[in-house]
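Asker: Going by full-length UniProt numbering, the sequence shown opens with residue 1, and the numbers climb by one from there. Just so it is clear, CB atoms sit at the ideal spot from N, CA and C, and this is done for glycine as well. Treat the numbers as computed from the prediction; the structure is a model and nothing was measured. Okay, here's the structure, questions in a sec.
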Amino acid sequence: MKDYAEYIAEQAQKLLAIDSPSGYTKNAAQYLCGIYRKLGYEPQLTVKGGVLVKLCEGTGAVPEAEGTGYGDPSRGPILLMAHTDTLGAMVSGITPEGRLKLTPLGGLNPNNTEAENCRIVTRKGKVYTGTFQLANASIHVNGDYNEKKRSYDSMEVLVDEPVKSADDVKRLGIMTGDIVCFDPRTTVTPSGYLKSRFLDDKLSTAILLGYAAYLKEEGISPERTVYEHITVFEEVGHGACASVPEGVTELLSVDMGCVGEGLSCTEHQVSICSKDSHGPYHYDVVSGLIDAADRAGVDYAVDVYPHYGSDADAALDAGIDARHGLIGPGVYASHGYERAHLDGVKNTFELLKAYLG
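Here is the structure:
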């Protein structure tokens, strides 16, 4: 059988090379549609700009859930979700000296974005480069350099053009509302580590592409109807609030697994989330994922995420009546320069196979 972990890693690197902060995801969505079509699927763009695709029609009947009068939700259609939107920023103003002030898109933290290279995308489609720096960033000049709090008030983008005033910047076509994309600095080490900004959640998006390829290329037909939705507004909270296909009874977010103090997951494992900031995930879904992982011999951890929300949460907040769950490869340093491992990718992929067929 094909090494789908290698395919997933390749797709992750290609996705990471496409700038797609929340609100500026068209290029990534077009790329994804092309890949799905190449695999033999018929993806559709949602009105919001996400990618929705039906992978297969279930081969098994859906029996009635005992005493309910409706179909067993564990056998009904399932929607797998990942997101291709990432953190980023938007120009919020131009200083008299020609520097750009930013407002974040999602939870981009200025502490771990300092001195990062970036691209400014104008409304006319021109792209300029720059660097996000502390104002007065020379330590030999700024006596308060170490003590100065890093914030969007104290930091700015230096545009890589000979500009000295706000008018100079405006003549380039740069204006308030322009998108700012940060360099992901993607690398894969010989030991199997993937290091990059925005592994959350382009790595999981690549895993869903890998699962789609697996079903098509291996001729696998799960008993359940399976959809995939690559959302484009998860980082700002409403990615999966819409476009849930009719009849779906279960929502499974595939998003980064948390790695850090107080949690048991490592970068080599798949994480099964039992609870996040919104509350517990559906008990039967979590139990089913654990059972599937045990059957398949998958290396996994079950954790509670103290500061987290998912597309599955967003769908339930929007009133969708479905069971929900969350899994994903362990990712360290979330919302910063993140790190994962191919082992975690493989374990997540194997859990999907074991849970769905």
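What is the rounded straight-line gap between the Cα of M256 and the Cα of Y36?
Answerer: Sequence index remark: in the sequence shown, residue 256 carries index 256 (1-based). Sequence index remark: in the sequence shown, residue 36 carries index 36 (1-based). Looking at the two C-alpha atoms, the distance is approximately 22 Å.
Asker: Considering only their Cβ atoms, is the gap separating T205 from I179 smaller than 8 Å?
Answerer: Here the question's residue 179 lines up with position 179 in the sequence shown. Here the question's residue 205 lines up with position 205 in the sequence shown. It is not a contact, given that the beta carbons lie outside the stated cut-off.
Asker: Does Q269 come out as helix, strand or coil in the three-state DSSP assignment?
Answerer: On the sequence shown, position 269 is the one that residue 269 refers to. Three-state result, Q269: coil.
Asker: Among all the DSSP beta bridges, which residues are the ones paired with N117?
Answerer: Position 117 of the sequence shown holds residue 117. Note: N117 sits in a beta bridge opposite T131.
Asker: Which same chain residues, not among the five before or five after C265, have their C-beta less than 7 Å away from its C-beta?
Answerer: Sequence index remark: in the sequence shown, residue 265 carries index 265 (1-based). Same-chain partners within the cutoff: G257, C258, V259, S271, A301, D303 and G330.
Asker: Taking the straight line between their C-alpha atoms, what separation do you get for K170 and R99?
Answerer: If you number the sequence shown from 1, residue 170 lands on position 170. If you number the sequence shown from 1, residue 99 lands on position 99. Their backbone Cα atoms lie some 11 Å apart in a straight line.
Asker: In whole angstroms, what is the alpha-carbon distance linking K101 and A292?
Answerer: Residue 101 sits at position 101 when you count from the first residue of the sequence shown. Residue 292 sits at position 292 when you count from the first residue of the sequence shown. Each residue's Cα considered, the two are about 49 Å apart.
Asker: Closer than 8 Å by C-beta to E338: which residues in its own chain qualify, once you throw out the five before and the five after it? Chain order, please.
Answerer: Indexing the sequence shown from 1 puts residue 338 at position 338. Counting only Cβ-Cβ distances below 8 Å, and skipping sequence neighbours, we find K195, S196, R197, F198, L199, D200, M256, V331 and Y332.
Asker: Between V91 and M175, how many whole angstroms is the CB-CB distance? I'm expecting something under 8 Å.
Answerer: Here residue 91 refers to the residue found at position 91 when the sequence shown is read from its first residue. Here residue 175 refers to the residue found at position 175 when the sequence shown is read from its first residue. About 7 Å separates the two Cβ atoms, so the contact holds.
Asker: Check for me: the alpha helix (DSSP H) holding K14 runs from which residue to which?
Answerer: Mapped onto the sequence shown, residue 14 falls at position 14. K14 -> alpha helix (DSSP H) spans Y4 to L16.
Asker: Using DSSP with H/G/I as helix, E/B as strand and the rest coil, what is F233?
Answerer: Your numbering for residue 233 matches position 233 in the sequence shown. In the structure shown, F233 sits in coil (DSSP, three-state: anything other than H, G, I, E or B).
Asker: How many Å lie between T103 and T189 at the Cα?
Answerer: In the sequence shown, residue 103 corresponds to position 103, counting from 1. In the sequence shown, residue 189 corresponds to position 189, counting from 1. Spanning the two alpha carbons is a distance of roughly 33 Å.
Asker: In this structure, what does DSSP give as the bridge partners for P329?
Answerer: For the purposes of this step, residue 329 is identified with residue 329 of the sequence shown, where counting begins at 1. DSSP, once it has assigned bridges, lists V270 as partnering P329.
Asker: Along the beta strand (DSSP E) that carries R339, what are the first and last residues, could you check?
Answerer: Counting from one through the sequence shown, the residue named residue 339 turns up at place 339. That run of the beta strand (DSSP E) goes E338 to H341.
Asker: How would you label I139, buried or exposed, when you count the other beta carbons within 10 angstroms and need 16 or more for buried?
Answerer: As a first step, residue 139 is located in the sequence shown; it is residue number 139 there, counting from the start. Exposed: under 16 other Cβ atoms inside 10 Å.
Asker: Relative to the C-alpha of E97, which candidate in S154, D168 and L52 has its C-alpha closest?
Answerer: Taking the sequence shown and counting its residues from 1, the one referred to as residue 97 is at position 97. Shortest Cα-Cα distance from E97 to any of S154, D168 and L52 involves D168.
Asker: Could you tell me the distance, in whole angstroms, from the CA atom of N146 to the CA atom of N109?
Answerer: Along the sequence shown, read from residue 1 onward, the residue named residue 146 stands at position 146. Along the sequence shown, read from residue 1 onward, the residue named residue 109 stands at position 109. About 17 Å.
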